[in-house]
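Asker: If you read the protein sequences in the order shown, they are chains A and B. First residue of the first sequence? That's 2 in this note's numbering, and the numbers climb one at a time after it. First residue of the second sequence? That's 2 in this note's numbering, and the numbers climb one at a time after it. Backbone N, C-alpha and C define an ideal beta-carbon position, used for all residues, glycine too. None of the values given here were measured: they were computed from a predicted structure. This is the structure I have questions about; it appears just below.
Number of protein chains: 2
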Amino acid sequence: MSEREARAHVTLDVVARRAGVSLATASRALNGTTRVRDELRERVRAAADLLGYIPNAHAQALASSSSNTVGLICHDVGDPYFAAIADGVMRAAAEQDVLVMLASTFREPAREIEYVSILRAQRARAILLIGSGFQDRTWERALGAELDPYIRAGGRVAVVSRHRSVRADAVLPENRAGATKLARALLALGHRRFAVLSGPPELTTVADRLAGFREGLAEAGITLDPGCVVEGAFTRDGGYAAARELLTRPTRPTCVFGVTDVMAVGALAAFREAGIEVPRDISLAGFDDIPLVRELTPPLTTVALPLTEMGQHAISLALREPHGQRSRVLRVGGEVVLRASTAPPPADSAAGEGT
Amino acid sequence: MSEREARAHVTLDVVARRAGVSLATASRALNGTTRVRDELRERVRAAADLLGYIPNAHAQALASSSSNTVGLICHDVGDPYFAAIADGVMRAAAEQDVLVMLASTFREPAREIEYVSILRAQRARAILLIGSGFQDRTWERALGAELDPYIRAGGRVAVVSRHRSVRADAVLPENRAGATKLARALLALGHRRFAVLSGPPELTTVADRLAGFREGLAEAGITLDPGCVVEGAFTRDGGYAAARELLTRPTRPTCVFGVTDVMAVGALAAFREAGIEVPRDISLAGFDDIPLVRELTPPLTTVALPLTEMGQHAISLALREPHGQRSRVLRVGGEVVLRASTAPPPADSAAGEGT
DNA sequence: ACCTTACCAGAAAGCGCTTTCTGAAAGCGC
DNA sequence: GCGCTTTCAGAAAGCGCTTTCTGGTAAGGT
């Protein structure tokens with residue numbers, strides 16, 4: 002009884018015999034690729050039901066050399082940003098009847114490459130890379146070395162929120178333009194002394210948002226001096242730590258931009274702990290518009306991104322008919338959403354225009 | 002050039018020829034199942050590298066009739082509760098070198114059964130069912146009909162946060178006991194008039210938490226009258242709607258229990274909109290301790306569940322050696338975490354002991 | 001020196017399907 | 001009534017691996 006009596010699966014062969022047809026006919030009857038007499042089709046279906054036939058996806062994939070799985074590689078499914086995008090991917094996947102293999106890199110670049118390789122072995126129809134890439138030559142090359150042969154062999158790649166290092170469709174947030182608009186909005190409120198809670202500088206997303214923000218400030222003749230940019234991890238705790246670090250600096254800004262909502266959330270907590278009230282004492286803005294920032298007190302001003310749609314688009318792009326020659330790029334989001342976390346600077350800080 | 006020139010993959014056969022060994026040896030050299038002379042192993046490895054050989058996982062699975070993928074079925078990846086558990090699953094999966102296929106049912110019971118079937122076809126080594134099941138005879142039977150043959154064929158099933166309808170390992174939150182403890186804690190603060198924002202009553206999680214809460218109240222001789230239990234969807238908006246509904250009722254409670262943190266988040270928003278301050282005017286508690294409730298103002302009192310660990314346990318249980326005879330059950334969490342969303346009831350509400 | 005073990009490598013038989021290729025039967029014009 | 005196309009079903013050849021099974025060679029015992 003404690004024997005490993007894993008009984009074999011019912012195979013198509015058995016179904017065919019039961020229905021009194023050949024293997025080939027049974028296959029056709031079930032997939033409906035070619036016409037089969039209705040009566041036979043029914044007989045096969047009935048037999049399959051009766052026997053509880055479950056096709057072997059591996060055999061199907063092998064024989065047809067095509068699968069219908071796609072791989073989704075993200076940095077961290079637990080993060081609300083990726084969770085929202087993943088949700089979109091799942092919705093589109095359900096519609097298109099593809100199965101999603103999930104990979105979480107835990108923010109380690111090497112893992113990403115490893116997963117691409119694994120997904121290649123799985124013969125995934127498409128690979129979706131979600132989240133910023135790294136500004137690192139050797140990493141880029143290694144990733145390309147995995148991706149290129151994959152694409153050449155007919156695989157599809159779509160990236161979300163990441164510069165295209167390879168021939169891939171892309172869904173790109175308006176990082177730069179969005180950050181510029183945010184800067185303008187913040188300037189319009191009267192702010193002149195800014196600080197930025199920045200993420201790992203090797204992430205392209207960080208670089209873009211920072212550049213865009215600087216650009217916006219520059220329009221008002223303001224430059225962000227290095228002391229006003231604090232780096233932290235791309236997480237809530239990273240934002241918290243960065244904000245605390247910021248508070249130790251000599252000059253205090255009237256307005257802080259967290260390059261990510263998640264970081265801004267951490268910053269909000271840090272400010273609260275320090276007895277600094279947002280937005281009375283300091284204004285705070287983020288980027289992404291993850292759902293949770295609406296629940297904060299105060300709700301966060303941010304640059305909106307249609308996260309769920311981004312996921313849907315990614316998979317749709319990837320599965321659409323071959324890209325013609327070039328890959329498609331879809332730019333999304335980038336509108337500022339003003340909420341209560343930003344306000345005009347406190348009256349007593351009118352002095353000290355930025356350098 | 003626009004031809005579909007999807008070039009074939011390098012097969013093991015090619016690698017073997019290149020290395021000057023047989024197919025069988027090449028296979029053994031690469032997987033290391035049997036001893037192969039070191040020199041040959043190296044030759045094969047080198048050839049594989051050189052040719053960019055990527056094994057075909059489908060062929061491997063077919064030939065060895067074993068795969069190393071597991072299926073993860075949850076109600077909604079976008080929900081922080083599931084996202085946190087999924088994160089745990091991913092961590093454990095990465096350690097154990099298994100690939101996760103993700104399925105999101107969007108809270109439709111039928112989809113769950115469909116996904117089980119799909120994962121069966123994929124010959125997943127294990128299927129993880131995350132989230133409450135439904136109290137619905139026909140659904141249960143249909144799910145069992147999918148799961149039973151799967152298990153009999155050697156598949157493993159683990160459930161998280163769900164009663165075991167089948168022979169499955171389980172990670173079960175202390176829903177009932179946790180809710181009872183919460184009730185006690187709330188009573189200890191002096192509350193006597195309670196309301197509950199309940200989820201879909203057909204979910205076993207809801208039933209358990211409600212029962213546990215009632216039990217705790219009963220210890221103080223308090224019974225929850227039906228007018229004090231408002232049902233809503235298991236989402237933020239469901240909690241919001243339920244809370245608004247609650248506010249239209251004649252008697253106002255001094256303390257509200259949202260059976261889910263996510264619902265409590267919605268409730269908090271509803272209260273705020275209605276000008277009701279938490280916890281001054283009304284106390285609010287949730288259940289789950291999803292990370293975001295710590296960021297709220299006020300942070301939410303709740304019953305803690307080790308969400309990430311739950312996911313890790315689920316996959317570990319499922320992949321561990323065969324269950325002997327019986328399946329294992331791991332009970333987790335259930336401790337009350339008091340935060341600022343609960344306080345003694347307002348002084349002017351001392352009257353009206355609950356019936 | 002002879003027989004037994006032990007170790008490795010190759011041949012070949014599948015794993016469970018899809019899909020081409022082949023052939024039988026039926027429909028049709030003249 | 002004969003050759004034509006058309007429709008549908010079966011035979012069989014793989015898809016790319018793993019894994020027995022077989023055999024050859026080297027090591028070990030007496």
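Give the single residue among T252/A, F214/A, D238/A, V117/A whose Cα lies nearest to the Cα of G228/A.
Answerer: Per the Cα distances, T252/A.
Asker: Between the C-alpha atoms of G72/A and L130/A, what's the straight-line distance to the nearest angstrom?
Answerer: Between G72/A and L130/A, the C-alpha separation is close to 8 Å.
Asker: Roughly how many whole angstroms lie between the Cα atoms of G335/A and T303/A?
Answerer: Taking the straight line from one Cα to the other gives about 9 Å.
Asker: Do G156/A and A127/A have their beta-carbon atoms positioned less than 8 Å apart in this structure?
Answerer: The answer is yes: Cβ separation under 8 Å.
Asker: For A20/B, which residues from the same chain have a beta carbon less than 7 Å from its beta carbon, with the 5 sequence-adjacent residues on both sides left out?
Answerer: Same-chain partners within the cutoff: A27, R44, V45, A48.
Asker: Work out the CA separation of V294/A and S342/A for me, nearest whole Å.
Answerer: Between S342/A and V294/A, the C-alpha separation is close to 10 Å.
Asker: For E296/B, decide whether its Cβ has a neighbour in chain A, counting only Cβ atoms nearer than 8 Å.
Answerer: Output row for E296/B: interface = yes.
Asker: Can you tell me which residues form a DSSP beta bridge with L204/B?
Answerer: Bridge partners of L204/B: F135/B.
Asker: Should G33/A go down as buried or exposed, given a rule of 16 or more other Cβ atoms within 10 Å for buried?
Answerer: Exposed, since its Cβ has fewer than 16 Cβ neighbours within 10 Å.
Asker: Is the beta carbon of H10/A sitting closer than 8 Å to the one on S68/B?
Answerer: Contact flag unset, no.
Asker: Would you say M311/A lies against chain B (beta-carbon separation less than 8 Å)?
Answerer: Judged by the 8 Å Cβ criterion, M311/A is not in contact with chain B.
Asker: Are the beta-carbon atoms belonging to A270/B and L248/B less than 8 Å from one another?
Answerer: No, these two residues do not count as a Cβ contact at 8 Å.
Asker: Do the region 272 to 288 of chain B and the region 91 to 100 of chain B make contact, defined as three or more Cβ pairs closer than 8 Å?
Answerer: No contact exists between the region 272 to 288 of chain B and the region 91 to 100 of chain B.
Asker: Between which residues of its own chain and L308/A is the CB-CB distance below 6 Å, once the five residues before and five after are set aside?
Answerer: The answer, listed in chain order, is A85, I86.
Asker: Between the region 102 to 125 of chain A and chain B, which residues of the former have CB atoms less than 8 Å from a CB of the latter, in chain order?
Answerer: Under the 8 Å Cβ criterion, the region 102 to 125 of chain A contributes M102, L103, A104, S105, F107, R112, S118, I119, R121, A122, Q123, R124.
Asker: Would you grab the beta carbon distance between V207/B and V260/B for me? Rounded to a whole angstrom, and I think it's under 8 Å.
Answerer: The Cβ separation is near 6 Å, so the contact holds.
Asker: Output yes or no for whether 8 Å exceeds the beta carbon distance between A265/A and D170/A.
Answerer: No, these two residues do not count as a Cβ contact at 8 Å.
Asker: If you run the structure through DSSP and keep just helix, strand and coil, what is L173/A?
Answerer: Strand at L173/A.
Asker: Comparing alpha-carbon positions, which option in L31/B, P201/B, S65/B lies nearest D50/B?
Answerer: Answer by Cα proximity: L31/B.
Asker: Between V257/A, T236/A, V161/A, F272/A, which has its C-alpha nearest H192/A's C-alpha?
Answerer: The candidate whose alpha carbon is nearest that of H192/A is V257/A.
Asker: Going by DSSP in three states, L144/A sits in which element: helix, strand or coil?
Answerer: Reduced to three states, the DSSP call for L144/A is helix.
Asker: Find out if the Cβ-Cβ distance for the pair F214/A, T236/A is shorter than 8 Å.
Answerer: No; because the gap between Cβ atoms is not below 8 Å, this pair is not in contact.
Asker: N32/A CB to nearest chain B CB: under 8 Å?
Answerer: It does not: the Cβ of N32/A has no partner Cβ on chain B nearer than 8 Å.
Asker: List the whole-angstrom C-beta distance separating A125/B from M102/B, where the pair is believed to meet the contact cut-off of C-beta under 8 Å.
Answerer: That pair is a contact at about 6 Å.
Asker: Over the uninterrupted alpha helix (DSSP H) stretch that includes E115/B, give me the two end residues.
Answerer: That run of the alpha helix (DSSP H) goes 110 to 122.
Asker: Compare the beta carbon distance of Y82/B and V263/B with 8 Å and say whether it is the shorter of the two.
Answerer: It is a contact, given that the beta carbons lie within the stated cut-off.
Asker: Verify the CB distance criterion: does A341/B have a CB-CB separation below 8 Å to chain A?
Answerer: Chain A, which has no Cβ nearer than 8 Å to the Cβ of A341/B, makes this no.
Asker: Let me confirm a value: V330/A is counted as buried when at least 16 other C-beta atoms fall within 10 Å, else exposed. Which label applies?
Answerer: Exposed: under 16 other Cβ atoms inside 10 Å.
Asker: Check each candidate in V338/A, I316/A, A348/A, E322/A and name the one with the smallest Cα separation from I74/A.
Answerer: Taking only the C-alpha atoms, the option nearest I74/A is I316/A.
Asker: Report yes or no: is there a C-beta of chain B within less than 8 Å of the C-beta of M91/A?
Answerer: Closer than 8 Å: yes.
Asker: Can you say whether A219/A is buried or exposed, counting buried as having 16 or more other CB atoms within 10 angstroms of its CB?
Answerer: Counting Cβ neighbours within 10 Å, A219/A comes out exposed, since fewer than 16 surround it.
Asker: Quick one: what does DSSP say F272/B is sitting in, helix, strand or coil?
Answerer: Helix at F272/B.
Asker: Under 8 Å, Cβ to Cβ, is there at least one residue of chain B near S23/A?
Answerer: Not an interface residue.
Asker: By the three-class DSSP mapping on this structure, what secondary structure does G217/B have?
Answerer: DSSP places G217/B in helix when its eight states are reduced to three.
Asker: Let me know if E40/B comes out buried or exposed under the rule of 16 or more other beta-carbons within 10 Å of its beta-carbon.
Answerer: It counts as exposed.
Asker: Using three-state DSSP, classify R157/B as helix, strand or coil.
Answerer: Strand.
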